[in-house]
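A quick write-up on the structure given underneath.
Protein chains: 2
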Amino acid sequence: MTKRQIHLGLFILGTGSHVAGWRYPGAFDSFQDLASIQEIGRIAERGKFDLIFMGDNLYADPAAHPSYTLRLEPLTMLSALAVTTSRIGLGATASTTYGDPFSTARAFASLDHISNGRAAWNAVTTSNATSGANFGREHPDHSLRYEIAEEFVDVVKGLWDCWADDAIVADRASGLYIDPAKVRALDHDGKWFKVKGPLNIGRAPQGRPIVLQAGGSAPGQRLAARTADVVFSVVQDFAEAKAQYDGFKALLPAFGRSPSEVTMLPGVMPVVGRTDREAFDKLKLLQSFVSGTNALQILSDRFGTDMSAYDLDGPVPDLGENDAYHAFAKVMLAKARRENMTLRDLYNLTAAARGHWVLCGSAETVADTLQHWFENGAADGFNVMPPYFPAGLDDFVDLVVPILQERGLFRADYEGTTLRDHLGLERPERM
Amino acid sequence: MTKRQIHLGLFILGTGSHVAGWRYPGAFDSFQDLASIQEIGRIAERGKFDLIFMGDNLYADPAAHPSYTLRLEPLTMLSALAVTTSRIGLGATASTTYGDPFSTARAFASLDHISNGRAAWNAVTTSNATSGANFGREHPDHSLRYEIAEEFVDVVKGLWDCWADDAIVADRASGLYIDPAKVRALDHDGKWFKVKGPLNIGRAPQGRPIVLQAGGSAPGQRLAARTADVVFSVVQDFAEAKAQYDGFKALLPAFGRSPSEVTMLPGVMPVVGRTDREAFDKLKLLQSFVSGTNALQILSDRFGTDMSAYDLDGPVPDLGENDAYHAFAKVMLAKARRENMTLRDLYNLTAAARGHWVLCGSAETVADTLQHWFENGAADGFNVMPPYFPAGLDDFVDLVVPILQERGLFRADYEGTTLRDHLGLERPERM
Ligand SMILES: Cc1cc2nc3c(=O)[nH]c(=O)nc-3n(C[C@H](O)[C@H](O)[C@H](O)COP(=O)(O)O)c2cc1C
Ligand SMILES: Cc1cc2nc3c(=O)[nH]c(=O)nc-3n(C[C@H](O)[C@H](O)[C@H](O)COP(=O)(O)O)c2cc1C
Numbered sequence: 001m002t003k004r005q006i007h008l009g010l011f012i013l014g015t016g017s018h019v020a021g022w023r024y025p026g027a028f029d030s031f032q033d034l035a036s037i038q039e040i041g042r043i044a045e046r047g048k049f050d051l052i053f054m055g056d057n058l059y060a061d062p063a064a065h066p067s068y069t070l071r072l073e074p075l076t077m078l079s080a081l082a083v084t085t086s087r088i089g090l091g092a093t094a095s096t097t098y099g100d101p102f103s104t105a106r107a108f109a110s111l112d113h114i115s116n117g118r119a120a121w122n123a124v125t126t127s128n129a130t131s132g133a134n135f136g137r138e139h140p141d142h143s144l145r146y147e148i149a150e151e152f153v154d155v156v157k158g159l160w161d162c163w164a165d166d167a168i169v170a171d172r173a174s175g176l177y178i179d180p181a182k183v184r185a186l187d188h189d190g191k192w193f194k195v196k197g198p199l200n201i202g203r204a205p206q207g208r209p210i211v212l213q214a215g216g217s218a219p220g221q222r223l224a225a226r227t228a229d230v231v232f233s234v235v236q237d238f239a240e241a242k243a244q245y246d247g248f249k250a251l252l253p254a255f256g257r258s259p260s261e262v263t264m265l266p267g268v269m270p271v272v273g274r275t276d277r278e279a280f281d282k283l284k285l286l287q288s289f290v291s292g293t294n295a296l297q298i299l300s301d302r303f304g305t306d307m308s309a310y311d312l313d314g315p316v317p318d319l320g321e322n323d324a325y326h327a328f329a330k331v332m333l334a335k336a337r338r339e340n341m342t343l344r345d346l347y348n349l350t351a352a353a354r355g356h357w358v359l360c361g362s363a364e365t366v367a368d369t370l371q372h373w374f375e376n377g378a379a380d381g382f383n384v385m386p387p388y389f390p391a392g393l394d395d396f397v398d399l400v401v402p403i404l405q406e407r408g409l410f411r412a413d414y415e416g417t418t419l420r421d422h423l424g425l426e427r428p429e430r431m
Numbered sequence: 001m002t003k004r005q006i007h008l009g010l011f012i013l014g015t016g017s018h019v020a021g022w023r024y025p026g027a028f029d030s031f032q033d034l035a036s037i038q039e040i041g042r043i044a045e046r047g048k049f050d051l052i053f054m055g056d057n058l059y060a061d062p063a064a065h066p067s068y069t070l071r072l073e074p075l076t077m078l079s080a081l082a083v084t085t086s087r088i089g090l091g092a093t094a095s096t097t098y099g100d101p102f103s104t105a106r107a108f109a110s111l112d113h114i115s116n117g118r119a120a121w122n123a124v125t126t127s128n129a130t131s132g133a134n135f136g137r138e139h140p141d142h143s144l145r146y147e148i149a150e151e152f153v154d155v156v157k158g159l160w161d162c163w164a165d166d167a168i169v170a171d172r173a174s175g176l177y178i179d180p181a182k183v184r185a186l187d188h189d190g191k192w193f194k195v196k197g198p199l200n201i202g203r204a205p206q207g208r209p210i211v212l213q214a215g216g217s218a219p220g221q222r223l224a225a226r227t228a229d230v231v232f233s234v235v236q237d238f239a240e241a242k243a244q245y246d247g248f249k250a251l252l253p254a255f256g257r258s259p260s261e262v263t264m265l266p267g268v269m270p271v272v273g274r275t276d277r278e279a280f281d282k283l284k285l286l287q288s289f290v291s292g293t294n295a296l297q298i299l300s301d302r303f304g305t306d307m308s309a310y311d312l313d314g315p316v317p318d319l320g321e322n323d324a325y326h327a328f329a330k331v332m333l334a335k336a337r338r339e340n341m342t343l344r345d346l347y348n349l350t351a352a353a354r355g356h357w358v359l360c361g362s363a364e365t366v367a368d369t370l371q372h373w374f375e376n377g378a379a380d381g382f383n384v385m386p387p388y389f390p391a392g393l394d395d396f397v398d399l400v401v402p403i404l405q406e407r408g409l410f411r412a413d414y415e416g417t418t419l420r421d422h423l424g425l426e427r428p429e430r431m
């Protein structure tokens, strides 16, 4: 058996996960510039990441985190990136609440063909309720969103399997292009969707593109356990990560899946220096760029409540249940209570990594911590969220990755060509 | 005043417009292979075409023309092509019947950013009624499709104008990224769509991407006259083309537009040889690859009626009004009547160019004919539909284009960088 190794995803959302990362000296400050994205892709591929993955929102709020509001559309962006990278996986976010399964299945199959087997779909239910207004629709509530998502993902997977791998004959002599016996309709007729099929694109190089999922609530975890290949999670410390890891993996057998079939990647914002001191200075400089309004906006978004009503130097208010971002709200409130934070402390934390774990230190410190999590049942790898680009990613690739490689914890080079290869997953047979 | 010149669009639909073009010796025979598409893009750019444009359907029928059924999804494909071309315009087809305006506006704005101002949207209403079954919806009838399309196009254009050109400040010192005063919601509340906006991507390099339109019916022409920058038409001979050209241009003043603001490009399938004989031999070889079922399928699609019920060697039946492809049905039936065709003659014609004009001859013959049409009020240029790739396009680029260039009828090189530049259109002010 080959040694289990760390998997690395790179999360991009505009210019970096820190709310004011674009203000860092030398940082990319455009969210719409393909050249910057291509440079990020090159660095990530140099770092042998499994995949690069583009988050997405379906609304613009000019007063919020700029990368919540402005960006290239993920599928067009990743298709362009497919041409200037050759190995790294390419994940795009698409909503099960505001998209339709036929178009979604088709676009990801197309990206998989364009990239020779590197496409991944981050299936999200879209938390932000204001999105509905851009589609003339009421935002469905949390449980309804997941009910719809369950059916949506099944339809997409069904559409990906309409064509047999050898359905395209293209026989010049006989004139037979398609063998009709090897193409079938889907004839899906469910509660939320009616989709006949077949899809108008042949089976993808990966058989089916990879499915990513990031829901942290119970229905989100169930959807992931049943349908996803890679799961992102939101954590703030080791104990929490381990509990989430164990909890999630325990769900898999009920769906006939083994724990090793799904790769779980907690999110981490690394702030890396040559020394711990240097790293903390970087974080301090980053935090000095935070403005109250930006941070409060993100906090309000995460909690689904207008947070500007509360006293910044008072305690974190008790907000009760939350329909928007269960996972974020839960881990952030838990941490605030553990550490007796004021609302200002919490918003500083949120500004840094939008609710994700911040890991700040020398390359050795960072590598040690990641290794500890990986080897002690808290992670299969990490969803790396640099605070700014490109230097925030360069630091990780040039300082941390070589240590992980030396320790045999991370690939020295890509061994296969598809994202499935990187994740150690078989190409699925047609269902 | 600079001399008026021919504009050239390249139409791609899989491997070529001829139903059996993929069987031609040496022709590309995959509809899903990015490398082939990139090679086509390079040839078209060498030929200084204004734009390359990807047709689209939203259903798969394994028994039909293979390129009706199988293809890369246009927006992902053209985004990949944006990276390997530098000047040519990039047009993708997207439906106003089965898409939504927010996603459509966003994807084309993204393509425009990715390509530095070369994006075009071919706004189609989707004729084929079986498409509805892939979206769980009844296919709306012809007049309803156009009613929806009118509103759809307006919403998309409105979304493209939500951000002022200078709304993105990105001022590191002050921390101001977006000037909220320069971003506005759309607050569209119409009969078919309710879309709040603003769009989550800044104003496009072209201000607004170019709009292409190809509807031939009266409502299709009205939509084009009001909203399009480029119009494709279906013709079979000069008199018809001139009548269409005059008729369409006459519609423009009522919408406050001048005839030179919209570029009208009749479709033409050129079959080019060094001599007329050589060209006709190529066409004969192509036609020998036609199989009856393929051709009848296209004919049935064009007429919205199952044509296998009719005697192939009998007269072309009188089919009355048609809700699907008005323009195609009209010009094809007119030609059949003019030339006293049997149904077999008509299906041969359809197999060749799916209802478009076939222009077969030496490069001189082809260039003379195009010049005649251009100089005598039948066209502003042509939508070139090679029967197969790459040689069918190479022939046109290497043999016909140089003649047009020598005669001063076509650009020797690109003068600007955006598609608007190629078309001689100003960058629009924000509405
Ligand atoms: C790492 C990570 C990335 C995410 N990316 C997106 C995204 O790009 N777009 C989005 O709408 N939601 C995104 N989410 C939100 C989740 O998909 C999910 O909608 C949210 O956590 C609420 O679901 P839950 O209640 O199951 O946690 C992300 C979550 C995590 C943890
Ligand atoms: C050159 C040309 C290209 C077209 N491309 C497409 C296409 O890619 N997808 C599509 O659904 N319809 C396409 N059409 C069809 C038209 O957009 C339109 O739907 C059809 O002609 C019916 O509208 P009408 O009744 O106004 O003519 C095309 C038509 C022409 C002339």
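Residue numbers (this note's numbering), protein chains in the order written: chain U, 1 to 431; chain L, 1 to 431. Just so you know, even glycine gets a beta-carbon here, dropped at the ideal spot from N, CA and C.
Provide the residue span of the beta strand (DSSP E) that contains Q236 (chain L), from first to last.
-> Judged by DSSP secondary structure, Q236 (chain L) falls outside any beta strand (DSSP E); it is assigned neither H nor E.
Quick one: using the 10 Å Cβ neighbour count with 16 as the cut-off for buried, is A105 (chain U) buried or exposed?
-> buried
Would you mind sorting N340 (chain U) into buried or exposed? The rule is 16 or more other CB atoms within 10 Å of its CB.
-> exposed
Establish whether the CB of R23 (chain L) and some CB of chain U are separated by less than 8 angstroms.
-> yes
Using a C-beta cutoff of 8 angstroms, does A133 (chain U) count as contacting chain L?
-> Residue contact with chain L for A133 (chain U): present (Cβ-Cβ distance below 8 angstroms to some residue of chain L).
For G175 (chain L), decide whether its Cβ has a neighbour in chain U, counting only Cβ atoms nearer than 8 angstroms.
-> yes
Closer than 7 angstroms by C-beta to H7 (chain L): which residues in its own chain qualify, once you throw out the five before and the five after it? Chain order, please.
-> D50, T263, L265, D380, G381 and L423
Measure from the C-beta of Q32 (chain U) to each C-beta in chain L and report whether the shortest distance is under 8 angstroms.
-> yes
For I201 (chain U), which of helix, strand or coil comes out of DSSP?
-> coil
7 angstroms Cβ cut-off: residues of chain L touching V195 (chain U) = N134 and G136
Where N383 (chain L) falls: helix, strand or coil (DSSP) | strand
Identity of the residue in L:P317, L:G314, L:L343 and L:H356 nearest F232 (chain L) by Cα = L:H356
Cβ-heavy atom distance, S260 (chain U) to ligand 2, below 7 angstroms = no
contact_flag[the region 12–24 of chain U, the region 62–77 of chain U] where n(CB pairs < 8 angstroms) is 3 or more | yes
Within chain U, the residues that N128 (chain L) reaches when beta carbons sit closer than 7 angstroms = Those do not exist, as N128 (chain L) stays about 11 angstroms from chain U at its closest Cβ, beyond 7 angstroms.
Runs of alpha helix (DSSP H) lying entirely within the region 99–127 of chain L, each at least 4 residues, in chain order | 101–114, all fully within the region 99–127 of chain L.
Where K242 (chain U) falls: helix, strand or coil (DSSP) = helix
Chain U contact for M1 (chain L) (CB, 8 angstroms cutoff) | The predicted model places M1 (chain L) with a pLDDT of 47, which falls under 50 and marks its position as unreliable, so this point remains unresolved.
Relative to ligand 1, is the shortest distance from any of its heavy atoms to the C-beta of N134 (chain U) smaller than 7 angstroms?
-> no
Contacts that P66 (chain U) makes with chain L (C-beta to C-beta distance below 7 angstroms) | Y177 and I178
Distance cut-off 7 angstroms: V124 (chain L) Cβ against heavy atoms of ligand 2 | yes
Any chain L beta carbon closer than 8 angstroms to T93 (chain U) = No, T93 (chain U) does not count as interfacial toward chain L.
Residues of chain U with CB under 7 angstroms from S59 (chain L), in chain order?
-> The sequence as given places Tyr at residue 59 (chain L); Ser does not occur at that position. Near Y59 (chain L) (Cβ distances below 7 angstroms), the residues of chain U are N200.
Closer than 8 angstroms by beta-carbon distance: list the chain L residues that pair up with A107 (chain U), in chain order.
-> E73, L75 and T76
May I have the straight-line CA-CA distance separating A46 (chain L) from V397 (chain L), to the nearest angstrom?
-> One point to set straight first is that residue 46 (chain L) is Arg, not Ala, in the sequence displayed. Approximately 8 angstroms between the Cα atoms of the pair.
Is the closest heavy atom of ligand 1 to the C-beta of S233 (chain U) under 7 angstroms?
-> yes
In chain order, what residues of the same chain lie with their CB nearer than 6 angstroms to the CB of T85 (chain U), ignoring the 5 residues before and after it?
-> G41 and E45
Please classify D189 (chain L): does DSSP put it in a helix, a strand, or coil?
-> strand
Inter-residue spacing [alpha-carbon to alpha-carbon] between L349 (chain U) and Y414 (chain L) | 52 angstroms
Compute the beta-carbon to beta-carbon distance between A120 (chain L) and L199 (chain L), rounded to the nearest angstrom, for a pair I have assumed lies under 8 angstroms.
-> Incorrect: roughly 18 angstroms between the Cβ atoms, too far for contact.
Return the chain-ordered list of same chain residues with a C-beta closer than 6 angstroms to the C-beta of G202 (chain L), the five sequence neighbours on each side being excluded.
-> W163 and I168
Nearest neighbour of H18 (chain L), chosen from L:A204, L:V230, L:S288 and L:A129 [CA to CA] = L:S288
Helix, strand or coil at Q221 (chain U) [DSSP, three-state] | Three-state DSSP puts Q221 (chain U) in a helix.
Go to Q213 (chain U), then tell me how far its beta strand (DSSP E) extends in each direction, as first and last residue.
-> I210 to Q213
What is the DSSP secondary structure of F27 (chain U), counted as helix, strand or coil?
-> Reading the sequence as shown, one finds Ala at residue 27 (chain U) and not Phe. A27 (chain U): coil per DSSP, three-state reduction.
What in chain U is Cβ-close to H139 (chain L), meaning under 8 angstroms?
-> Simply none; closest approach about 12 angstroms.
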